[in-house]
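Q: I'd like to ask some things about the structure below.
There are 2 protein chains.
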Amino acid sequence: MTVTSARAPRRRDALSRQRIVEAAIELLDADGESGLTVRALTSRLSTGRGAIYHHVAGVDDLLAAAADDVIRAATERTADGTDPTTAIRDLSLAIFDALDAHPWVGTQLAREPLQPAVLRIWKSIAVQLQGLGIDGSARSDAGAALASYIFGSAAQFAAGARRSSDEAKRQNYLDALASAWTERDDDQVVRDAASHLRDHDDRKQFMAGIDIFLKGIT
Amino acid sequence: MTVTSARAPRRRDALSRQRIVEAAIELLDADGESGLTVRALTSRLSTGRGAIYHHVAGVDDLLAAAADDVIRAATERTADGTDPTTAIRDLSLAIFDALDAHPWVGTQLAREPLQPAVLRIWKSIAVQLQGLGIDGSARSDAGAALASYIFGSAAQFAAGARRSSDEAKRQNYLDALASAWTERDDDQVVRDAASHLRDHDDRKQFMAGIDIFLKGIT
DNA sequence: CTCGCGTTGGACCGATGGTCCAATCTGACG
DNA sequence: CGTCAGATTGGACCATCGGTCCAACGCGAG
């Protein structure tokens with residue numbers, strides 16, 4: 001038997017799925033994936049756990065919804081009217097920047113193909129490929145390839161961005177990565193790759209990949 | 001105060017990092033990522049938690065080591081002597097098959113660029129690109145692109161393979177995915193993609209992507 | 001005014017990863 | 001052959017997590 005004395009008064013500003021998703025994004029941006037816990041949410045929204053589960057299926061659902069929010073914002077920015085190739089490059093850049101600002105999205109995208117954020121990216125790409133006159137299974141192959149490339153890059157860059165709040169830390173991270181690699185395998189090829197790692201630019205490299213792809217489908 | 005009565009006798013067959021990694025792979029293959037818990041390991045190896053932490057830094061370390069084990073086996077199979085293009089295709093296929101057999105590796109690869117398995121893949125690609133006469137930053141761009149594509153595909157296909165122990169389940173999954181997509185966004189482009197989803201072949205699609213990249217590189 | 005039902009708060013449960021330390025064994029050395 | 005220090009092992013312990021459950025609450029329809 002539990003004696004509940006003086007229960008806290010009911011909140012006046014109604015909870016909603018959207019409010020919860022926004023709070024989740026703030027938590028994720030602040031502390032990364034591990035920062036999103038139902039407990040942290042209850043504290044930030046000053047409510048109880050039941051209230052949250054009433055609006056949201058669980059943590060996985062919430063992560064997917066948060067990622068979708070970010071990706072929606074990124075893909076909506078794309079201007080139409082431009083030619084498909086530039087549109088694809090713009091779209092890719094917009095996604096890259098969104099992932100750079102919210103590193104946890106990268107990891108999340110690579111985890112579950114059923115989620116809305118993935119569909120959103122898929123569709124934006126497919127529309128442009130259609131504009132390029134690519135159809136049938138060629139379109140689905142090209143779309144899948146481009147999407148996979150974006151997801152893979154996302155996950156890799158995310159790990160870097162997570163650690164690079166400022167430029168000095170970023171350099172430290174790249175140096176550590178480079179020496180970890182050469183230390184583990186001191187091959188000429190590895191040393192070569194490591195040396196390029198030190199002064200490489202994620203954004204440029206990402207776009208170089210997009211261009212390779214675009215060249216491959218035309 | 002703890003009264004320890006009749007402690008279990010010490011094991012005769014020594015524990016080792018390798019033995020633990022092997023047990024971890026078995027657990028992962030059987031129950032997926034969530035199946036790998038320190039407790040499950042202690043039970044399977046009939047030991048205590050301390051013994052495991054003595055050989056292994058933690059669950060993350062173990063996951064990375066397990067993935068490296070699988071990737072090592074896959075990349076070692078690659079025959080040399082063939083021309084770089086076929087070598088890249090062979091290598092990609094070997095990795096794909098390994099991921100198909102151990103779906104959890106796909107998710108793991110997309111999570112952390114410092115891990116040995118990633119370096120291994122990177123290096124195998126870089127060696128072949130060198131053979132193609134690609135050097136300098138072009139090589140690092142191409143290598144990064146190809147590796148990212150592989151990681152992204154890995155994660156996406158992994159989610160499918162996880163659910164497709166047999167062909168019927170696999171079809172169910174694809175159907176569910178297709179209708180989830182069209183239900184959420186009934187656009188012509190989406191319907192089109194969904195229809196190709198139903199009878200698509202992961203392996204073929206993956207190789208189609210590799211070929212697009214190869215074409216873009218040369 | 002009242003009363004049903006959509007909300008809400010929080011106690012509770014089982015499980016996890018990691019730490020810690022005492023008990024145990026092994027092999028080197030006297 | 002004895003002994004003892006260091007490597008190895010077992011498991012109690014802790015904080016924390018996701019998810020379930022239910023009693024209390026109050027808004028709005030009647």
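Protein chains in written order, with UniProt numbering: chain V, 1 to 218; chain B, 1 to 218.
C-beta atoms are modelled at their ideal positions from N, C-alpha and C, and glycine is treated no differently.
The structure displayed is predicted, hence computed values, not measured ones.
1. Going along chain V in order, which residues have a C-beta closer than 8 Å to the C-beta of Pro-103(B)?
2. What number of angstroms, rounded off, separates the C-alpha of Gly-185(V) from the C-alpha of Asp-83(V)?
3. CB-CB under 7 Å to Ala-142(B), same chain, minus the five flanking residues each way: which ones, in chain order?
4. When you compare only the Cα positions, how much space is there between Val-38(B) and Leu-177(V)?
5. Where does Arg-49(B) sit, in a helix, a strand or coil, going by DSSP?
6. Tyr-149(B) to Thr-42(V), Cα distance in whole Å?
7. For Gly-106(V), collect the residues of the same chain with a Cβ closer than 7 Å to its Cβ; drop the 5 residues on either side in sequence, then sort them by chain order.
8. What residue does the alpha helix (DSSP H) around Ile-95(B) start on, and which one ends it?
9. CB of Ile-20(B) to nearest heavy atom of the ligand ATP: below 7 Å?
10. Looking only at its chain, what residues have a beta carbon closer than 6 Å to the beta carbon of Val-118(B), apart from the 5 residues adjacent to it on each side?
11. Which residues of the stretch 135-150 of chain V have a Cβ closer than 9 Å to any Cβ of chain B? Give them in chain order.
12. Between which two residues does the alpha helix (DSSP H) harbouring Gln-128(B) extend?
13. Comparing C-alpha positions only, which one of Ser-137(V), Glu-33(V), Leu-109(V), Val-190(V) sits nearest to Gly-152(V)?
14. If you draw a straight line from the C-alpha of Val-127(V) to the C-alpha of Ala-193(V), how long is it?
15. Taking C-alpha atoms, which residue in Ser-179(B), Ser-140(B), Ile-52(B) lies nearest to Arg-19(B)?
16. Indicate whether at least one CB of chain B lies closer than 8 Å to the CB of His-196(V).
17. Taking 7 Å as the limit between beta carbons, can you name the residues of its chain near Arg-203(V), skipping five residues before and five after?
18. How would you label Ser-140(V), buried or exposed, when you count the other beta carbons within 10 angstroms and need 16 or more for buried?
19. At which residues does the alpha helix (DSSP H) containing Asp-60(B) begin and terminate?
20. I'd like to know whether the C-beta of Ser-153(V) is nearer than 8 Å to at least one C-beta of chain B.
21. Please report the Cβ distance between Ala-64(V) and Gln-115(V), rounded to the nearest whole angstrom; I am assuming they are in contact, meaning their Cβ atoms lie under 8 Å.
22. Within 8 Å of any Cβ in chain B, is that where the Cβ of Glu-112(V) sits?
23. Residues of the UniProt domain "HTH tetR-type" (14-74) of chain V in Cβ contact with chain B at a cutoff of 9 Å, in chain order, please.
24. Just to confirm the assignment: which complete alpha helix (DSSP H) runs, minimum length 4, are found wholly within the stretch 166-204 of chain B?
25. Which residue's Cα is closest to the Cα of Ile-125(B): Thr-75(B), Ala-24(B), Leu-15(B)?
26. Kindly list, in the order they appear in chain B, the residues whose Cβ is closer than 8 Å to that of Gln-130(V).
27. Using only alpha-carbon positions, find the residue among Ile-71(V), Thr-78(V), Arg-17(V) that is nearest to Val-59(V).
28. Spatial neighbours of Leu-197(V) within its chain, please: CB distance less than 8 Å, with the 5 preceding and 5 following residues excluded, ordered by chain position.
29. Go ahead and pull the three-state DSSP assignment for Thr-37(V).
30. Mind listing the chain V neighbours of Ala-180(B)? Cutoff is C-beta to C-beta under 7 Å, in chain order.
31. Step through the CB atoms of chain V and report whether any lies within less than 8 Å of the CB of Ile-121(B).
32. So which residues of chain V does Thr-85(B) contact, with C-beta pairs closer than 7 Å?
33. As a quick exercise: from Ile-121(V), Arg-89(V), Val-190(V), pick the residue whose alpha carbon is nearest that of Ala-69(V).
34. In its own chain, which residues sit with a C-beta less than 7 Å from the C-beta of His-55(V), not counting the 5 before and 5 after it?
35. Between the stretch 197-209 of chain B and chain V, which residues of the former have a C-beta closer than 7 Å to a C-beta of the latter?
36. Can you pull the chain V neighbours of Ala-159(B), defined as C-beta to C-beta under 7 Å?
A: Judging by the given coordinates:
1. On the second sequence, position 103 is the one that residue 103(B) refers to. The CB of Pro-103(B) never comes closer than 8 Å to any CB in chain V; the least such distance is about 12 Å.
2. In the first sequence, residue 185(V) corresponds to position 185, counting from 1. In the first sequence, residue 83(V) corresponds to position 83, counting from 1. Per the sequence shown, the amino acid found at residue 185(V) is Asp instead of Gly. Distance between the alpha carbons of Asp-185(V) and Asp-83(V): 45 Å.
3. What you label residue 142(B) is simply residue 142 of the second sequence in a count that begins at 1. Setting aside the 5 residues that flank it on each side, Ala-142(B) is surrounded in the same chain by Leu-129, Ile-134, Ile-217, each with a C-beta closer than 7 Å to its C-beta; the list follows chain order.
4. By one-based count along the second sequence, residue 38(B) stands at place 38. By one-based count along the first sequence, residue 177(V) stands at place 177. When rounded, the distance between both Cα atoms is 28 Å.
5. Stepping through the second sequence from its first residue, residue 49(B) is reached at position 49. Helix.
6. Numbered from 1 along the second sequence, position 149 holds the residue referred to as residue 149(B). Numbered from 1 along the first sequence, position 42 holds the residue referred to as residue 42(V). As the crow flies, the alpha-carbon of Tyr-149(B) is around 38 Å from that of Thr-42(V).
7. Along the first sequence, one-based indexing puts residue 106(V) at 106. Leu-99, Ala-154, Ala-155, Phe-157, Ala-158.
8. Here residue 95(B) refers to the residue found at position 95 when the second sequence is read from its first residue. Ile-95(B) -> alpha helix (DSSP H) spans 84-101.
9. You won't find the ligand ATP in this model; it holds no ligand whatsoever.
10. Position 118 of the second sequence, counting from 1, holds the residue named residue 118(B). Cβ neighbours of Val-118(B) beyond the five flanking positions: none.
11. Answer in chain order: Asp-135, Gly-136, Ser-137, Ala-138, Arg-139, Ser-140, Asp-141, Ala-142, Gly-143, Ala-144, Ala-145, Leu-146, Ala-147, Ser-148, Tyr-149, Ile-150.
12. For the purposes of this step, residue 128(B) is taken as the residue at position 128 of the second sequence. 116-131 is the extent of the alpha helix (DSSP H) around Gln-128(B).
13. By one-based count along the first sequence, residue 152(V) stands at place 152. Checked all of Ser-137(V), Glu-33(V), Leu-109(V), Val-190(V); the closest Cα to Gly-152(V) is Leu-109(V).
14. Along the first sequence, read from residue 1 onward, the residue named residue 127(V) stands at position 127. Along the first sequence, read from residue 1 onward, the residue named residue 193(V) stands at position 193. Here the alpha carbons of Ala-193(V) and Val-127(V) stand approximately 36 Å from one another.
15. For the purposes of this step, residue 19(B) is taken as the residue at position 19 of the second sequence. When each option's Cα is compared against that of Arg-19(B), the closest is Ile-52(B).
16. Here residue 196(V) refers to the residue found at position 196 when the first sequence is read from its first residue. True, the Cβ-Cβ gap to chain B drops below 8 Å.
17. Numbered from its first residue, the first sequence carries residue 203(V) at position 203. Around Arg-203(V): Phe-96.
18. By one-based count along the first sequence, residue 140(V) stands at place 140. By the 16-neighbour rule on beta-carbons within 10 angstroms, Ser-140(V) is buried.
19. Reading the second sequence from its first residue, position 60 is the one you call residue 60(B). Its alpha helix (DSSP H) spans residues 59-76.
20. Locating residue 153(V) in the first sequence gives position 153, where the first residue counts as 1. By this cut-off, Ser-153(V) is an interface position.
21. Sequence index remark: in the first sequence, residue 64(V) carries index 64 (1-based). Sequence index remark: in the first sequence, residue 115(V) carries index 115 (1-based). Their Cβ separation, rounded to whole angstroms, is 4 Å, which keeps Ala-64(V) and Gln-115(V) in contact under 8 Å.
22. Against the first sequence, residue 112(V) aligns to sequence position 112. Output row for Glu-112(V): interface = yes.
23. So the list is empty, because no residue satisfies the distance condition.
24. Fully enclosed alpha helix (DSSP H) runs of no fewer than 4 residues occupy 167-184, 188-198 of the stretch 166-204 of chain B, in order along the chain.
25. For this step, residue 125(B) is matched to residue 125 along the second sequence. Considering only alpha carbons, the answer is Thr-75(B).
26. Locating residue 130(V) in the first sequence gives position 130, where the first residue counts as 1. Result: Val-189.
27. For the purposes of this step, residue 59(V) is identified with residue 59 of the first sequence, where counting begins at 1. Closest by C-alpha distance to Val-59(V), out of Ile-71(V), Thr-78(V), Arg-17(V), is Arg-17(V).
28. As a first step, residue 197(V) must be located in the first sequence, where it is residue number 197. Cβ within range, chain order: Leu-174, Leu-177, Ala-178, Trp-181.
29. What you label residue 37(V) is simply residue 37 of the first sequence in a count that begins at 1. Coil at Thr-37(V), not helix or strand.
30. Counting from 1 along the second sequence, the entry for residue 180(B) is found at position 180. Against chain V, a Cβ distance below 7 Å from Ala-180(B) picks out Leu-114.
31. Within the second sequence, numbered from 1, the residue matching residue 121(B) stands at position 121. For Ile-121(B), the answer is no, since every Cβ of chain V falls outside 8 Å of its Cβ.
32. Residue 85(B) sits at position 85 when you count from the first residue of the second sequence. By Cβ distance, chain V contributes nothing, its closest Cβ being about 13 Å from Thr-85(B), past 7 Å.
33. As a working mapping, residue 69(V) is identified with position 69 in the first sequence. Here residue 69(V) turns out to be Asp, not Ala, going by the sequence shown. The residue with the shortest Cα to Cα distance from Asp-69(V) is Ile-121(V).
34. Position 55 of the first sequence holds residue 55(V). Scanning its chain for C-beta atoms nearer than 7 Å, with the 5 sequence neighbours on each side dropped, one finds around His-55(V) the residues Leu-15, Ser-16, Arg-17, Ile-20, in chain order.
35. Flagged, chain order: His-200, Gln-205, Ala-208, Gly-209.
36. Translated into the one-based positions of the second sequence, residue 159(B) becomes position 159. Those within 7 Å of Ala-159(B) in chain V are Glu-112, Pro-113.
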